[in-house]
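Shown next, in C-alpha cells, is the structure this report addresses.
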Amino acid sequence: MVSTLNEQKITEYFKNKSILVTGSTGFLGKILVEKILRVQPDVKKIYLPVRAVDAAAAKHRVENEVALSIMLFGLLREKHGDGFKSFIQEKIVPLAGDVMGEDFGIDPETLKELRLTEELEVIVNGAATTNFYERYDVALDVNVMGVKHMCNFAKKCPNLKVLLHVSTAYVAGEKQGLVEERPFDEGETLLEGTHLDINTEFRLASDLKKQLQADDDSSSKAKRKAMKDLGLARARHFGWPNTYVFTKSMGEMVLGQMQGDVPIVIVRPSIITSVQNDPLPGWIEGTRTIDTIVIGYAKQNLTYFLADLDLTMDVIPGDMVVNAIIAAIVMHASSSFEKIMAHPKPRPPAVYHVTSSLRHPVSYNVLHEAGFRYFTENPRMGPDGRPVHTHKMSFLRSIASFQLFMVLRYRLFLELLHLLSIICCGLFGLGTLYHDHACKYRFVMQLVDLYGPFALFKGCFDDVNLHKLRLTMADDHASLFNFDPKTIDWDDYFYRVHIPGVIKYLVK
1 MVSTLNEQKI TEYFKNKSIL VTGSTGFLGK ILVEKILRVQ PDVKKIYLPV RAVDAAAAKH
61 RVENEVALSI MLFGLLREKH GDGFKSFIQE KIVPLAGDVM GEDFGIDPET LKELRLTEEL
121 EVIVNGAATT NFYERYDVAL DVNVMGVKHM CNFAKKCPNL KVLLHVSTAY VAGEKQGLVE
181 ERPFDEGETL LEGTHLDINT EFRLASDLKK QLQADDDSSS KAKRKAMKDL GLARARHFGW
241 PNTYVFTKSM GEMVLGQMQG DVPIVIVRPS IITSVQNDPL PGWIEGTRTI DTIVIGYAKQ
301 NLTYFLADLD LTMDVIPGDM VVNAIIAAIV MHASSSFEKI MAHPKPRPPA VYHVTSSLRH
361 PVSYNVLHEA GFRYFTENPR MGPDGRPVHT HKMSFLRSIA SFQLFMVLRY RLFLELLHLL
421 SIICCGLFGL GTLYHDHACK YRFVMQLVDL YGPFALFKGC FDDVNLHKLR LTMADDHASL
481 FNFDPKTIDW DDYFYRVHIP GVIKYLVK
C-alpha cells in the first residue's frame with residue numbers, strides 16, 4: 001500500500017527530532033532551518049556546524065547570519081513576539097567546526113557533552129563551495145572530502161534515519177537530451193575513454209600544492225591561479241565544464257562508495273531562484289547566472305548577453321527545493337519507501353532532480369520579456385534624479401558568435417590602444433588605460449568560458465523519481481509543502497516576485 005504524505009504527517013515527523021544541517025549560512029540552508037522551525041516548533045534541536053574559532057564565535061555567526069537578523073525569519077518573529085530570541089536559542093545549537101574536518105570539525109568534548117551521535121536522526125548536507133573557478137585543493141576538501149567525513153560521522157549515529165545530500169542537476173555537465181535521475185557509478189566520467197580515480201585527484205592537488213609552497217619566486221596570486229587552473233583542466237579532461245560540478249560529481253560518488261545501512265538521498269536542484277511564496281516572496285541571496293540579465297536591465301550597463309532565448313531555462317524557486325527536501329526526508333525515513341518507489345532493482349542512493357525543464361519548461365525569452373516590461377514600467381532613477389530609459393538587450397546565441405563580437409567590438413580597440421601606448425612610450429596614461437581595459441576584457445571572456453555551457457545548456461532533466469514522491473502527496477500539500485513547478489505562472493513569477501526580489505535584495 002502506498003503511503004500518503006500530508007501536512008500533518010510531515011510536520012509531525014519533525015516533532016522531538018534532532019537534526020544537523022551543514023551549509024546553514026547559505027541560501028537554501030536558511031530557508032530549510034526557518035521552515036522546520038515554523039512548521040514544527042516542537043522540533044527537539046537543530047544543530048548547525050559553522051566555520052568559527054570557538055563556541056562564542058559560532059553562536060554570533062548563526063545569530064547574525066542565519067536566524068536573528070535576516071528578514072526571512074519575519075513570520076517566526078511575529079509568531080513568537082518577545083520570545084523569538086529565546087525560542088531560537090532553545091532550538092538552534094551552533095557548533096564551531098569545519099566540514100573539511102572529521103566529525104564536521106566539532107570538538108570531541110562538545111560531541112560527548114551533547115551526545116550528538118546518539119541524538120541525531122537526520123543529517124542534511126548543504127555545505128559546498130559553489131565557485132566555478134575554485135582552487136582545486138579547496139574544492140576537493142569541501143565538496144569531496146567533506147562528504148567522506150560526513151559519511152564516517154553518519155556511521156557513528158545509531159539512530160540516524162536518513163542522510164540527505166544537496167548536489168546540483170548540472171553534474172550532468174553539457175549533456176544533451178534527457179538526463180536521468182541516477183547516481184554516478186564509481187569512476188564514471190562524462191568523456192568516453194577516461195576513468196576517474198578520486199585518490200589520484202587528491203594526490204595531484206597535493207603534489208601541486210607542495211610545489212607551489214616550495215616556490216619562493218611566485219606570488220600568492222600566481223599560486224592561486226595555478227591551483228585554480230589545475231581544477232579546471234582536470235574537470236575538462238573528464239568532460240565537466242568547471243571545477244564546481246566536477247567536484248560535486250565526485251562527492252556523489254563518495255556517497256555511493258561509503259553508503260551503509262542508512263538511507264541516502266541526493267537532491268539535485270537546477271538554477272535556484274528567489275522564494276516564490278513561503279515565507280517571504282522574492283527573498284534571495286547570491287546572484288544566479290540568470291540574474292545577470294535582471295541586474296543588467298536594472299543598471300542599464302549590459303547591452304549584450306550570451307543566451308539563446310528559445311532555449312529552456314531550468315529554474316526552480318528556493319522554497320520549492322526546500323519543500324522537496326523536507327518531503328524526501330520524511331518519506332525516506334519510512335521503512336516502506338522501497339515499496340513506494342516500486343523499482344525492480346532499487347539502486348541507492350536515491351536521486352531527485354528538483355527541476356522544471358521536463359514538467360513545466362520556461363524559456364529565457366520569458367525572463368527577458370518580463371525584465372524589459374518591468375523596468376519599462378518601473379524605471380530606475382539616474383544620478384540626476386531622472387528615470388533611466390530602458391533599452392532592450394541584444395543576445396548572442398553561441399559562444400563563437402560572442403567571442404567574435406568581443407574581438408570586433410573590444411579586442412581591436414585594445415590592440416590599437418596598446419600600439420598607441422608603445423608609440424607614446426606610455427605617456428598620457430595610455431599604458432594604464434590599456435592594462436585596465438585588458439583585465440576587464442579577460443574577465444568577461446573567462447566568465448563566458450565558465451558560464452557559457454550553462455547559458456546554452458540543451459539537456460532536459462528527467463524527474464520520474466521526484467514525480468513518484470509528488471504522487472504520494474495528499475491534495476492538501478499545495479498550501480505548505482508544494483514542489484510542483486506546474487503550479488507556477490512563470491511570467492507572473494518573474495514579473496511580480498523574482499525581479500522585484502533581485503532589485504530589493506541584490507542590487508546595491
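One point on numbering: in the UniProt record's numbering, the residue at position 169 of the sequence shown is 169, and numbering is uninterrupted. Ideal Cβ placement from N, Cα and C applies to all residues, glycine included.
- Taken in chain order, the unbroken stretches of alpha helix (DSSP H) that lie wholly in the UniProt domain "Fatty acyl-CoA reductase C-terminal" (411-508) and span 4 residues or more are 412-423, 430-455, 464-471 and 499-505.
- In the DSSP assignment, Val50 falls outside any alpha helix (DSSP H) and lies within the beta strand (DSSP E) extending over Lys45 to Arg51.
- If you compare the alpha carbons of Leu95, Gly239 and Val122 with that of Lys112, the shortest gap goes to Leu95.
- Between the segment 159-167 and the segment 226-235 there are fewer than three C-beta pairs closer than 8 Å, too few to call the two in contact.
- Distances from the alpha-carbon of Asn125 to those of Phe132, Phe104 and Val66 put Phe104 closest.
- Its chain contains Leu208, Leu212 and Ser218 as the residues whose beta carbon lies nearer than 8 Å to that of Ala226, once the 5 sequence neighbours on both sides are disregarded; these appear in chain order.
- Here DSSP, grouped into helix, strand and coil, assigns Pro269 to strand.
- DSSP assignment within the segment 160-221 yields the following whole alpha helix (DSSP H) runs of 4 residues or more, N-terminal first: 198-214.
- Cβ-Cβ separation between His368 and Leu309: approximately 6 Å, consistent with a contact (criterion under 8 Å).
- DSSP assignment within the segment 217-252 yields the following whole alpha helix (DSSP H) runs of 4 residues or more, N-terminal first: 220-237.
- DSSP places Ile19 within a strand segment (E or B) once states are collapsed to three.
- Looking only at Ser24, Phe238 and Leu471, the smallest Cα-Cα distance to Asp98 is reached by Ser24.
- Following the DSSP letters along the chain, one finds Tyr133 in no beta strand (DSSP E), marked with neither H nor E.
- Linking Tyr410 to Thr303 through their CA atoms gives a straight-line distance of about 13 Å.
- Going by C-alpha positions, Val147 is about 27 Å away from Lys468.
- Per DSSP, the unbroken beta strand (DSSP E) holding Leu306 starts and ends at Tyr304 to Leu306.
- Under the 10 Å beta carbon count, Asp492 is surrounded by fewer than 16 other beta carbons and is classified as exposed.
- Here Asn125 carries a strand assignment [DSSP, helix/strand/coil].
- If the five residues before and after Ile295 are omitted, its C-beta is found closer than 8 Å to the C-beta atoms of Thr287, Leu302, Val502, Leu506 and Val507, all from its own chain and listed in chain order.
- In the DSSP annotation of this structure, Gly97 is not part of any alpha helix (DSSP H); the continuous beta strand (DSSP E) holding it starts and ends at Ile92 to Gly97.
- Shown here, Ser357 sits in coil according to DSSP, grouped into three states, outside any helix or strand.
- Rounded to whole angstroms, the gap between the alpha carbons of Ser270 and Gly385 is 39 Å.
- Phe454 is not a Cβ neighbour of Thr355, given a cutoff of 8 Å.
- One Cα belongs to Leu204, the other to Lys210, and the distance between them is close to 10 Å.
- Cβ-Cβ distances below 7 Å link Leu358 to Cys460, Phe461, Asp462 and Asp463 in the same chain, with the five nearest sequence neighbours on each side left out; the list follows chain order.
- Per the coordinates, the alpha-carbon of Leu412 lies some 15 Å from the alpha-carbon of Val444.
- Counted as a single uninterrupted DSSP element, the stretch harbouring Pro383 is not any beta strand (DSSP E), since DSSP gives it neither H nor E.
- From the listed residues Asp216, Val448 and Asp484, the smallest Cα separation to Gln403 is found for Val448.
- Note that the segment 247-254 touches the segment 132-148; at least 3 beta-carbon pairs, one per stretch, sit closer than 8 Å.
- If you draw a 10 Å sphere on the C-beta of His195, you find fewer than 16 other C-beta atoms in it, and that means exposed.
- Counting along the chain, Pro279 sits inside no beta strand (DSSP E), nor does DSSP assign it H or E at all.
- Closest in alpha carbon position to Phe27, among Glu63, Arg61, Ala127 and Lys44, is Ala127.
- Excluding the 5 residues flanking it on each side, Ile499 has same chain C-beta neighbours closer than 7 Å at Val294, Ala370, Gly371 and Tyr374, in chain order.
- For Ser394, the enclosing beta strand (DSSP E) starts and ends at Ser394 to Leu396.
- Within 10 angstroms of the beta-carbon of Thr487 lie fewer than 16 other beta-carbons, which makes it exposed.
- Counting along the chain, no beta strand (DSSP E) covers Pro108; the unbroken alpha helix (DSSP H) around it starts and ends at Pro108 to Leu114.
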